[in-house]
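Enquirer: Residue numbers (the working numbering), protein chains in the order written: chain A, 3 to 384; chain B, 13 to 488. Have a look at this one before I ask anything.
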Amino acid sequence: MTDLAAADQLLEDNSPASGRLSLVALTKQFGNGPDTVTAVDAVDLEIEPGEFITLLGPSGCGKTTTLRMIAGFEDPTGGEVVLDGRNMIDTPPNKRPMAMVFQSYALFPHLKVRDNVAYGLKLRKLPAAQLNEEVELGLKSMNIEQYANRAPNQLSGGQQQRVALARAMVMKPKVLLFDEPLSNLDAKLREQMRLEIRRLQRHLGITSVYVTHDQSEAMSMSDRIVVMNKGRVEQAAAPEVIYRQPATVFVADFIGRANFLDVTLLSHDDDGHATVEVLGQEVRVPAHPDAAGAADVVLLVRPESIRLVAVREGDEVAAGGHAGTVTTSVFFGDTVEYEVDTEHGTITAVVADPNVSDIHEEGAKVEVRFNEGRAWLLPREG
Amino acid sequence: MACKKFVHLLSLLPIVSPPFAVATAVITLFGRGGIISNQLLGQQWNVYGLGGLTLVLALSFFPVAYLNLLGMLRSLDPSLDEASQSLGANKWQVFRTVTLPMLIPGFAASFLLLFVEAIADLANPLVLGGDFTVLASRAYIAIIGEYNLGAGAAYSMVLLVPALLVFIVQRYWSNRQSAVSVTGKPAGAAKMNTSNAARIPVLALVAIVMALIITIYGTVILGGFVRILGVNNAFTLDNYRYLFQGIGSDAIITTTLLALIATPIAGILGMLIAWLVVVKLRRGAGVMDFLGMLGLAVPGTVLGIGYAIAYNTPFDAFGRRFIPALAGGGAIFAGAMAIVMVYIARSIPAGQRSGVAALQQIDPAIDEASTSLGASGLTTFRKVTIPLIRMALLSGLTYAFARSMTTISAIIFITTPRTRIMTSQILSEVEAGRFGNAFAYCTILIIIVLTVIGLLNLAMKGKGSSAAPTIPPAAA
Ligand SMILES: Nc1ncnc2c1ncn2[C@@H]1O[C@H](COP(=O)(O)OP(=O)(O)OP(=O)(O)O)[C@@H](O)[C@H]1O
Ligand SMILES: [Mg+2]
């Protein structure tokens with residue numbers, strides 16, 4: 003576990019109000035002529051001091067490139083990186099008050115753990131006594147004092163990760179940058195590390211930009227998630243907003259699982275709701291503002307918002323429900339997952355904490371209901 | 013970019029040329045009546061002796077160090093460089109605190125390896141030594157001049173001990189250093205160092221060395237087409253006429269043929285040893301690797317004298333002849349067999365080195381995947397391993413051929429009147445003062461080596477491999 007007291011001591015004179023990072027129309031193109039690839043396309047982003055931001059998106063969407071432009075390893079084709087009101091574009095990476103944690107850890111193989119952690123401070127020509135003290139605190143805060151005299155290749159992946167974090171932390175950066183730092187760890191350790199990083203970051207209040215394509219990592223760590231697609235920002239919002247009120251079909255589809263129902267928009271009310279027709283039934287659902295003027299809309303219903311009610315032979319389907327047939331039924335222990343054939347096509351439903359006797363068999367006739375308050379109407383085209 | 017490629021190719025020239033090319037050209041340029049020293053600058057420099065030898069050896073051997081370091085630099089993980097910058101290091105500090113320490117094993121390996129090569133070098137001291145004698149030339153004079161095989165053997169023992177010691181130290185050292193490994197997927201390429209303070213002195217130094225190389229090889233080529241370069245600069249084809257008539261063409265054909273026989277054998281043996289060392293053998297891998305590398309550790313002079321002594325007489329036992337004489341005038345194939353054996357012994361390490369390096373890059377899971385799909389060990393080697401190390405094999409072959417064609421110290425003791433070898437012919441031309449002929453020989457030798465390397469590349473590259481083949485470092 004991390005030692006928060008030691009970390010505190012290390013960073014005691016970091017002023018909490020600094021570390022405001024803005025990306026202004028940040029753009030990166032690779033190659034030239036007909037082979038030009040726009041890896042990052044006019045990204046605008048305001049990051050508050052102390053905020054933990056995750057860049058999330060499918061492979062190749064430009065997350066790493068964005069991060070490397072913030073760090074200064076990649077020269078932007080256009081746009082600005084502004085830290086506390088100062089444009090950083092002409093500042094070389096070593097002069098930026100930021101520290102990066104690499105996916106491969108990038109520990110210096112020729113230096114012992116202690117010397118790896120001391121590396122940046124030595125470059126700052128800190129007096130020996132202060133240097134030693136801060137290195138000790140860094141080691142202690144990541145709980146790696148016992149490995150201080152080992153070579154990096156004598157450590158496990160998780161331990162190496164801690165060294166990499168300690169090495170970045172002792173620099174007291176205004177911004178911490180992470181590029182998939184946990185992707186080389188096993189699932190258990192990954193979960194533990196992400197909690198530790200989050201705890202430490204929140205405690206110290208260092209602005210952090212974290213790249214990942216693991217959505218549970220993004221959901222569990224971030225103040226805000228920035229979902230990227232093809233070099234553009236699709237949505238930047240708190241995890242629950244991203245999940246419950248996605249701005250686009252892409253976001254809804256990329257984060258978690260989604261059922262999209264074809265609906266007709268009847269009216270858009272000013273209170274953030276809309277009335278739609280779903281297979282002949284009128285329902286009132288929460289709606290994205292953009293849904294009002296959209297040519298076509300879809301209704302997002304998360305699998306866990308769906309309820310299935312068993313239908314006995316001869317029974318009529320009640321109002322507000324749709325008839326369906328269970329095609330697959332998989333018991334996971336904590337949940338049961340169903341696929342149900344309906345007039346809307348196949349619908350996925352997840353029932354948590356299932357009662358074994360209530361599980362619907364494959365082939366069973368069911369009535370599909372959903373919680374209208376949990377649905378979300380959004381435009382079909384971004 | 014074009015300039016970079018040009019510098020790269022120029023740096024490799026000394027590897028594909030016979031040892032005399034540089035020494036002879038340096039005499040012509042900087043010697044007593046030298047074109048640059050005397051005619052241009054009016055100076056009287058003495059290139060014979062330690063100073064000239066140092067210059068020539070440095071020029072002849074730096075490509076090996078260059079290739080060693082090039083390979084190491086290419087395999088450095090760029091994120092280390094970035095991690096260092098992210099912690100506040102400027103370009104110079106990155107170089108000093110990260111790049112340089114990681115290169116030290118490469119420097120040390122090159123240093124020790126070249127020490128072995130230099131201490132045993134025969135060709136340059138013979139041409140340039142003047143009154144300054146070295147062990148190798150003593151051994152040569154004892155055997156060739158005084159017919160004293162015993163004295164020659166004694167000198168070579170004195171030579172062998174330090175060479176072997178240094179070699180063992182180098183291996184021990186590089187094994188300990190192998191902890192320095194490369195990890196992670198490279199994320200983007202490291203940016204070029206753009207600070208002028210660092211660039212200008214380095215570029216100036218490179219420019220000087222390149223100018224020297226161009227002048228030297230210009231001299232070699234030109235020297236073949238004039239009577240006596242610097243003395244009588246009249247154009248002539250006599251040198252080449254002399255070469256292609258008489259014993260010259262004999263030597264050219266024999267040498268090329270023997271090198272062509274030795275090359276594939278050395279290349280395949282090298283790969284096989286590499287495969288045994290990396291993949292197959294658990295115990296004994298170190299010993300196997302060491303044995304294969306002996307061709308580098310044992311000075312050529314010692315190897316040649318050893319062969320001359322060991323194989324000059326047939327091996328008889330119980331009144332029957334088991335092994336006929338392999339070396340010397342009365343040997344089978346007129347001594348060609350011993351020459352091919354020397355070529356192989358000297359060339360195996362190149363293939364072995366690049367093979368070991370390539371095999372170590374291959375994830376063992378790939379091998380296991382093939383096995384689990386039902387392939388036998390041999391099939392896996394043929395279908396999976398060989399295609400993956402094809403580029404290594406190519407560079408091994410390339411280097412084996414270049415090395416065979418240009419080796420002299422080992423060959424000089426076992427050539428016979430019926431098997432003439434180009435390098436020893438060049439030596440006699442140089443010793444007789446017929447520099448024109450020597451230059452012509454050198455030019456032809458370089459052309460042959462480059463042609464064969466070109467053909468090898470064409471033949472092996474074939475399908476879609478993008479990695480540009482380079483001549484491998486002699487050792488790492
Ligand atoms: N040096 C480069 N030269 C050319 N194209 C590049 C270069 N680096 C990245 N790209 C391209 O830019 C796009 C974005 O790459 P980037 O590495 O930022 O993706 P990513 O979102 O980090 O993906 P992943 O999740 O796979 O790491 C990709 O299409 C990639 O091919
Ligand atoms: Mg990436």
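Yeah, the Cβ is synthetic: ideal placement off N, Cα and C, and Gly gets one too.
Counting pairs of beta carbons, one from the stretch 406-425 of chain B and one from the stretch 352-360 of chain B, are three or more of them closer than 8 Å?
Expert: Yes: at least three Cβ pairs fall under 8 Å.
Enquirer: For the stretch 119-133 of chain A, enumerate the residues whose C-beta is nearer than 7 Å to any C-beta of chain B, in chain order.
Expert: Residues passing the 7 Å Cβ filter: 121, 122, 125, 126.
Enquirer: What are the uninterrupted segments assigned as beta strand (DSSP E) that are 3 or more residues long and contained completely in the stretch 11-54 of chain A, given in chain order?
Expert: Qualifying beta strand (DSSP E) stretches, in chain order: 23-32, 39-49.
Enquirer: Quick one: grab the DSSP three-state call for residue 253 of chain B.
Expert: Counted from its first residue, the second sequence places residue 253 of chain B at position 241. Looking at residue 253 of chain B - three-state DSSP - the assignment turns out to be helix.
Enquirer: Tell me whether residue 348 of chain A is buried or exposed, calling it buried when 16 or more other Cβ atoms sit within 10 Å of its Cβ.
Expert: Position 346 of the first sequence holds residue 348 of chain A. Counting Cβ neighbours within 10 Å, residue 348 of chain A comes out exposed, since fewer than 16 surround it.
Enquirer: Based on DSSP bridge pairs, tell me the residues matched to residue 212 of chain A.
Expert: Taking the first residue of the first sequence as position 1, residue 212 of chain A is located at position 210. Bridge partners of residue 212 of chain A: A/56, A/180.
Enquirer: At what residue ranges does the stretch 147-200 of chain A contain a whole run of the beta strand (DSSP E), taking only runs of 3 or more?
Expert: For the stretch 147-200 of chain A, whole beta strand (DSSP E) runs of length 3 or above, ordered along the chain, are 177-181.
Enquirer: Identify each residue in the stretch 156-189 of chain B for which the Cβ-Cβ distance to at least one residue of chain A is less than 7 Å, and report them in chain order.
Expert: Residues passing the 7 Å Cβ filter: none.
Enquirer: What residues in its chain sit with their C-beta under 7 Å from that of residue 362 of chain A, if we drop five residues either side in the sequence?
Expert: Position 360 of the first sequence holds residue 362 of chain A. These residues qualify, in order along the chain: 310, 312, 328, 331, 340, 368.
Enquirer: Between the C-alpha atoms of residue 29 of chain B and residue 171 of chain A, what's the straight-line distance to the nearest angstrom?
Expert: Position 17 of the second sequence, counting from 1, holds the residue named residue 29 of chain B. Position 169 of the first sequence, counting from 1, holds the residue named residue 171 of chain A. Approximately 54 Å between the Cα atoms of the pair.
Enquirer: Step through the CB atoms of chain B and report whether any lies within less than 8 Å of the CB of residue 75 of chain A.
Expert: Start at 1 with the first residue of the first sequence, and residue 75 of chain A comes out as number 73. So yes, residue 75 of chain A belongs to the interface.
Enquirer: I'd like to know if residue 98 of chain B contacts chain A, where contact means its C-beta is closer than 8 Å to some C-beta of that chain.
Expert: Indexing the second sequence from 1 puts residue 98 of chain B at position 86. Output row for residue 98 of chain B: interface = yes.
Enquirer: Strictly below 8 Å CB to CB, what residues from chain B border residue 95 of chain A?
Expert: If you number the first sequence from 1, residue 95 of chain A lands on position 93. Under the 8 Å cutoff, chain B gives 94, 97, 98.
Enquirer: Quick check: is any heavy atom of ligand 1 less than 7 Å from the C-beta of residue 353 of chain A?
Expert: As a first step, residue 353 of chain A is located in the first sequence; it is residue number 351 there, counting from the start. Residue 353 of chain A: no, Cβ never under 7 Å from ligand 1.
Enquirer: Can you look up residue 194 of chain B in the DSSP assignment and give me helix, strand or coil?
Expert: One-based indexing of the second sequence puts residue 194 of chain B at position 182. Here residue 194 of chain B scores only 38 on pLDDT, less than 50, and its place in the model should not be relied on; the value that follows carries that caveat. Residue 194 of chain B falls in the coil class under three-state DSSP.
Enquirer: Which residues of the stretch 214-246 of chain B have a Cβ closer than 7 Å to any Cβ of chain A? Give them in chain order.
Expert: Answer in chain order: no residues at all.
Enquirer: Report all residues from its chain with a CB closer than 7 Å to the CB of residue 193 of chain B; omit the five preceding and five following residues, and keep chain order.
Expert: On the second sequence, residue 193 of chain B is found 181 positions in, with the first residue counted as 1. For residue 193 of chain B, the predicted model reports a pLDDT of 41, less than 50, meaning its position is unreliable; a value from the coordinates is still stated below. Contacts found: none.
Enquirer: Kindly examine ligand 2 and report whether one of its heavy atoms sits closer than 7 Å to the Cβ of residue 66 of chain A.
Expert: The count along the first sequence starts at 1 and reaches residue 66 of chain A at position 64. Yes, the Cβ of residue 66 of chain A comes within 7 Å of a heavy atom of ligand 2.
Enquirer: So, helix, strand or coil for residue 144 of chain A, using DSSP?
Expert: As a working note, residue 144 of chain A is residue 142 in the first sequence. Correct three-state label for residue 144 of chain A: coil.
Enquirer: If the cut is a Cβ gap below 8 Å, which residues of chain A does residue 449 of chain B touch?
Expert: Locating residue 449 of chain B in the second sequence gives position 437, where the first residue counts as 1. Within chain A, no residue comes near residue 449 of chain B; the closest Cβ sits about 51 Å away, beyond 8 Å.
Enquirer: Say the cut is 7 Å; is the CB of residue 182 of chain A nearer than that to a heavy atom of ligand 2?
Expert: Taking the first sequence and counting its residues from 1, one reaches residue 182 of chain A at position 180. Yes, the Cβ of residue 182 of chain A comes within 7 Å of a heavy atom of ligand 2.
Enquirer: Could you tell me whether any non-hydrogen atom of ligand 1 is closer than 7 Å to the CB of residue 185 of chain A?
Expert: As a working mapping, residue 185 of chain A is identified with position 183 in the first sequence. It does not: the Cβ of residue 185 of chain A is nowhere closer than 7 Å to a heavy atom of ligand 1.
Enquirer: Going by CA-CA distance only, name the one from B/116, B/100, B/246 that's closest to residue 185 of chain B.
Expert: In the second sequence, residue 185 of chain B corresponds to position 173, counting from 1. The option with the nearest alpha carbon to residue 185 of chain B is B/116.
Enquirer: With a threshold of 7 Å (Cβ to nearest heavy atom), would residue 74 of chain A be considered close to ligand 4?
Expert: Ligands in the displayed structure: ligand 1 and ligand 2; ligand 4 is not one of them.
Enquirer: Throw me the rounded Cβ distance for the residue 326 of chain A and residue 342 of chain A pair, which I believe falls under 8 Å.
Expert: Within the first sequence, numbered from 1, the residue matching residue 326 of chain A stands at position 324. Within the first sequence, numbered from 1, the residue matching residue 342 of chain A stands at position 340. Going by Cβ atoms, the distance from residue 326 of chain A to residue 342 of chain A rounds to 4 Å, so yes, they are a contact pair.
Enquirer: Taking Cβ-Cβ distances below 8 Å as the criterion, which residues of the stretch 326-349 of chain A are in contact with chain B?
Expert: Result list empty, no residue passes.
Enquirer: Excluding five sequence neighbours on each side, which residues of the same chain lie with their C-beta closer than 6 Å to the C-beta of residue 37 of chain B?
Expert: Looking up residue 37 of chain B in the second sequence gives position 25. Only 228, 231, 232 meet the Cβ criterion.
Enquirer: Let's test the definition: count the other Cβ atoms within 10 Å of the Cβ of residue 180 of chain A and tell me whether it reaches 16, buried, or not, exposed.
Expert: As a position in the first sequence, residue 180 of chain A is number 178, starting the count at 1. By the neighbour-count rule (16 or more Cβ atoms within 10 Å), residue 180 of chain A is buried.
Enquirer: Using a Cβ cut-off of 8 Å (strictly closer), state whether residue 101 of chain B contacts chain A.
Expert: Sequence index remark: in the second sequence, residue 101 of chain B carries index 89 (1-based). For residue 101 of chain B, the answer is yes, since a Cβ of chain A falls inside 8 Å of its Cβ.
Enquirer: Can you check which of these residues, A/88, A/41, A/86, A/202, is closest to residue 66 of chain A by C-alpha distance?
Expert: Against the first sequence, residue 66 of chain A aligns to sequence position 64. Out of A/88, A/41, A/86, A/202, A/41 has the C-alpha closest to the C-alpha of residue 66 of chain A.
Enquirer: Output the boundary residues of the alpha helix (DSSP H) element that contains residue 287 of chain B.
Expert: What you label residue 287 of chain B is simply residue 275 of the second sequence in a count that begins at 1. Per DSSP, residue 287 of chain B belongs to the alpha helix (DSSP H) from 258-287.
Enquirer: What residues from chain E crowd round residue 144 of chain A, counting only those whose CB sits closer than 8 Å?
Expert: Absent here is chain E; the protein component of the structure consists of chains A and B.
Enquirer: Would you call residue 460 of chain A buried or exposed, if buried means 16 or more other Cβ atoms sit within 10 Å of its Cβ?
Expert: Chain A is shown only over 3 to 384; residue 460 of chain A falls outside these bounds and no answer can be derived.
Enquirer: Check the DSSP bridge columns for residue 394 of chain B and list the partner residues they point to.
Expert: Taking the first residue of the second sequence as position 1, residue 394 of chain B is located at position 382. According to DSSP, which records beta bridges pairwise, residue 394 of chain B is partnered with nothing at all.
Enquirer: Identify the contact partners of residue 91 of chain B in chain A, using a Cβ-Cβ distance below 7 Å as the criterion.
Expert: Residue mapping note: residue 91 of chain B aligns to position 79 of the second sequence, counting from 1. Chain A residues near residue 91 of chain B: 104, 106, 108.
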